[in-house]
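If you read the sequence shown in the numbering used here, its first letter stands for residue 9, the second for the next number, and so on. First up is the structure itself, then whatever we jot down about it.
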Amino acid sequence: MTRQTILLALGLATVAPVTPDNTLVRTVDEFREAVRHAQPGDTITMANGMWRDANLVFDADGAEGDSITVRAETPGEVILTGQSRLRIGGQYLKVEGLWFHRGALDRGHVIAFRTDRAA
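Structure (structure tokens):
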């Protein structure tokens with residue numbers, strides 16, 4: 009084997025495949041950080057429990073066939089209440105299993121398909 013072949017083989021052996029992340033978040037700050045780093049194929053899983061007055065902005069870009077997903081740890085067990093809201097902006101995004109319960113906003117929408125401040 010030549011030196012170049014050995015170097016090529018070593019280089020290929022050290023390349024790790026890129027796999028989608030599944031990030032469990034327990035706070036709004038963790039949610040924001042996960043969205044900030046989300047890549048196509050990633051899933052952001054919100055921990056079960058009551059999320060009171062949570063201002064969630066899901067602004068990201070997935071890819072065709074490789075969406076970014078925000079989902080409940082257990083469908084129906086992530087409960088957004090009080091002044092909670094979800095603003096969604098970007099491409100190829102999914103939201104699954106969240107429950108908005110007994111919420112009230114002074115203005116705006118509980119769920120908005122835009123991320124600007126006027127929402």
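Backbone N, C-alpha and C fix where the C-beta goes; we use that ideal spot for every residue, glycine too. Note that the coordinates shown come from a computational prediction; the quantities given were computed from them, not determined experimentally.
Residue closest to residue i, alpha-carbon to alpha-carbon, out of the options
i, options, result
"Val-103", "Thr-77, Gly-84 and Asn-56", "Thr-77"
"Gly-57", "Asp-67, Glu-81 and Phe-66", "Glu-81"
"His-109", "Ala-62, Thr-89, Thr-51 and Asp-61", "Thr-89"
"Val-65", "Arg-34, Phe-39 and Ala-71", "Phe-39"
"Ala-188", "Arg-34, Asn-63, Leu-94 and Tyr-100", "Nothing in the structure corresponds to residue 188, since the chain is present only between 9 and 127."
"Gly-84", "Arg-95, Arg-122, Gly-105 and Asp-37", "Gly-105"
"Arg-79", "Val-43, Gly-49, Val-33 and Met-54", "Met-54"
"His-117", "Trp-107, Gly-97, Ser-92 and Gly-98", "Ser-92"
"Ala-120", "Ile-87, Ala-71, Val-86 and Asn-63", "Asn-63"
"Pro-48", "Thr-35, Asp-67, Arg-60 and Trp-59", "Asp-67"
"Arg-34", "Arg-122, Arg-115, Gly-98 and Trp-59", "Trp-59"
Bounding residues of the alpha helix (DSSP H) (the contiguous stretch that carries residue i)
i, result
"Val-36", "36–45"
Classification of residue i by the beta-carbon crowding that lies within 10 angstroms, buried from 16 upward
i, result
"Ala-112", "exposed"
"Val-23", "With a pLDDT of only 47 at Val-23, under the threshold of 50, the placement of this residue in the model should not be trusted, and no figure is reported."
"Gly-70", "buried"
Residue i: first and last residue of the uninterrupted beta strand (DSSP E) it sits in
i, result
"Gln-99", "93–99"
"His-109", "106–111"
"Val-33", "30–33"
"Thr-86", "Looking at the sequence itself, residue 86 is Val, so the reference to Thr does not match. That run of the beta strand (DSSP E) goes 86–90."
Inside the segment 49–77 only - beta strand (DSSP E) runs reaching at least 3 residues
51–54, 57–60 and 63–69
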